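Residues in the sequence shown are numbered consecutively from 4, following the working numbering. Just so it is clear, CB atoms sit at the ideal spot from N, CA and C, and this is done for glycine as well. If you're wondering where the values come from, they're calculated on a predicted model, not measured in any experiment.
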Amino acid sequence: MQESKELVEIFQNCPIKIEAQILSSSNAAFLVFLQDEIYAIYKPEKLERPLWDFEPGLWRREVAAYLFSKVFPLCNIPLTVKREGPLGVGSLQLVIDATEDHYLTLKDSLCYEQDFINLAVFDIITNNADRKSGHVLKDLNGKIWAIDHGLCFHTDFKLRTVIWDFAGYELDRKTLELLQNIKRSSLNFLAPYLKKSEIQSIIKRTQYLYNQKHLPLPKGRRPYPWPVI
Numbered sequence: 004m005q006e007s008k009e010l011v012e013i014f015q016n017c018p019i020k021i022e023a024q025i026l027s028s029s030n031a032a033f034l035v036f037l038q039d040e041i042y043a044i045y046k047p048e049k050l051e052r053p054l055w056d057f058e059p060g061l062w063r064r065e066v067a068a069y070l071f072s073k074v075f076p077l078c079n080i081p082l083t084v085k086r087e088g089p090l091g092v093g094s095l096q097l098v099i100d101a102t103e104d105h106y107l108t109l110k111d112s113l114c115y116e117q118d119f120i121n122l123a124v125f126d127i128i129t130n131n132a133d134r135k136s137g138h139v140l141k142d143l144n145g146k147i148w149a150i151d152h153g154l155c156f157h158t159d160f161k162l163r164t165v166i167w168d169f170a171g172y173e174l175d176r177k178t179l180e181l182l183q184n185i186k187r188s189s190l191n192f193l194a195p196y197l198k199k200s201e202i203q204s205i206i207k208r209t210q211y212l213y214n215q216k217h218l219p220l221p222k223g224r225r226p227y228p229w230p231v232i
């Protein structure tokens, strides 16, 4: 479904009807119905599992990732908003009608190479600690989408991703120009959702990647998420 002012209005104001809980999710997530065959994923804060390294309110990071992707279009993230729902405040994200494909089934498709390079750049900048293969979707029209960004934007190095196949690739001019734009931005639009230190860390990681001018090799003891799908 195309994002529009009407769709945003529905997401911000339409009553939320819980249809089912998604049991495979590591945190409480619910399939909800809005209207006119529009479904979303609702993630309420009060049902999150406590984490030692991330504060409660992972929904804020989901919304921040979406907003970041809209201003700096490195990847497609479904419409994501803050909502007060039946189980309290949380994030509401548009459901994408997708095939059964995921990153590991698509990574050798040359037509998606730039999509995955851009997504790798996005994950480095946002410090994504949980880029599983199943968090990469292909919709029925062949468009690539990225979901599940509750573990992004930490100030400490947390990058864990399955997208290491393009390590060492040189960044093209368009990507370097985008990195320049990020470095020059105040990123004030993220202030309602992230701490000042987290926003400053985005700039630092962007500067690092811009200086490197290529995608880095894996580092750290745990460069991959678990499970990988």
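Item	Value
Is it true that the CB of ASN16 sits closer than 8 Å to the CB of CYS78?	no
So, is TYR211 buried or exposed, given that buried needs 16 or more other C-beta atoms within 10 angstroms?	exposed
Can you name the residues that DSSP bridges to SER188?	According to DSSP, which records beta bridges pairwise, SER188 is partnered with nothing at all.
Have a look at THR209, HIS105, GLN215 and flag the residue whose alpha-carbon is nearest the alpha-carbon of GLY171.	GLN215
Figure out for me which residue from LEU37, GLU48, PHE156, LYS135 has the closest Cα to the Cα of LEU97.	LEU37
Suppose contacts are defined by Cβ-Cβ distances below 8 Å. Is ARG208 in contact with ASN130 by that definition?	yes
In chain order, what residues of the same chain have a beta carbon less than 6 Å from the beta carbon of ASP126, not counting five sequence neighbours either side?	ARG134, THR164
What did DSSP end up calling HIS152 once you bin it into helix, strand or coil?	coil
Less than 8 Å between the beta carbons of ILE166 and ALA123, yes or no?	yes
Pick helix, strand or coil for VAL11, following the three-state DSSP scheme.	helix
What does the alpha-carbon distance come out to for the pair ILE44 and ALA31?	10 Å
Tell me whether THR164 sits in a helix, a strand or coil according to DSSP, three-state version.	strand
So what does TYR45 bridge to, in DSSP terms?	PHE33, LEU95
Give the secondary structure of ARG64 by DSSP, where H, G and I count as helix, E and B as strand, and everything else as coil.	helix
Given 8 Å as the limit, is there contact between the segment 46 to 54 and the segment 175 to 192, that is, 3 or more CB pairs closer than that?	no
Roughly how many angstroms separate the alpha carbons of LEU218 and LYS177, rounded to a whole number?	14 Å
Classify LYS141: buried if its beta carbon has 16 or more other beta carbons within 10 angstroms, exposed otherwise.	buried
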